[in-house]
Amino acid sequence: MAISVKLLAALLVLSFISTGNCQCVLNNITISQKMTGFQIHGMTEWDVTITNNCICSQSDLKLDCKGFATTLSIDPSILSISDNECLVNNGKPIFNSKPITFKYAQTPKFNFKPISSQISCS
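What the sequence shown shows, in mature numbering (1 follows the signal peptide of the UniProt record, and there is no 0), is residues -22 to -1, 1 to 100, in sequence order.
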């Protein structure tokens, strides 16, 4: 009986430890956009803010960029476009207190969707 209680306690502790690594999910990344009021080459300019709403950092954030075609140049260290994916912040961690921002010009507004990230809790 004592062994069963110890085993149960050990399993409970391990479940709490493994849960600590899963505090964040990809859905903790939010992407908001607002019109700047400017037109670039006839396209509406948008101001984008990518926010990590979790205490853990998220790195290697990739967005679905299929169909994204801006007429405004974007710093590739902020948003690197490759085929149908965009890498955010050069793959570096995005912290809760430091949103990533950039502008693009496209009509209509493009719907950025996170597709993957690496979550790091310490």
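Using N, Cα and C, we set each Cβ at its ideal position, and we do this for glycine too.
The secondary-structure analysis by DSSP pairs D42 across a beta bridge with E63 and K91. When only Cα atoms are considered, S75 and T85 end up about 30 Å apart. In this structure, L57 sits away from I18, with a CB-CB distance that is not shorter than 7 Å.
Secondary structure at N74: coil, using DSSP grouped into helix, strand and coil.
Residue pairing by DSSP places I33 in no beta bridge whatsoever. It is roughly 14 Å from the alpha-carbon of F46 to the alpha-carbon of Q11. Secondary-structure assignment with DSSP links A83 through a beta bridge to E23.
By the 16-neighbour rule on beta-carbons within 10 angstroms, V3 is exposed.
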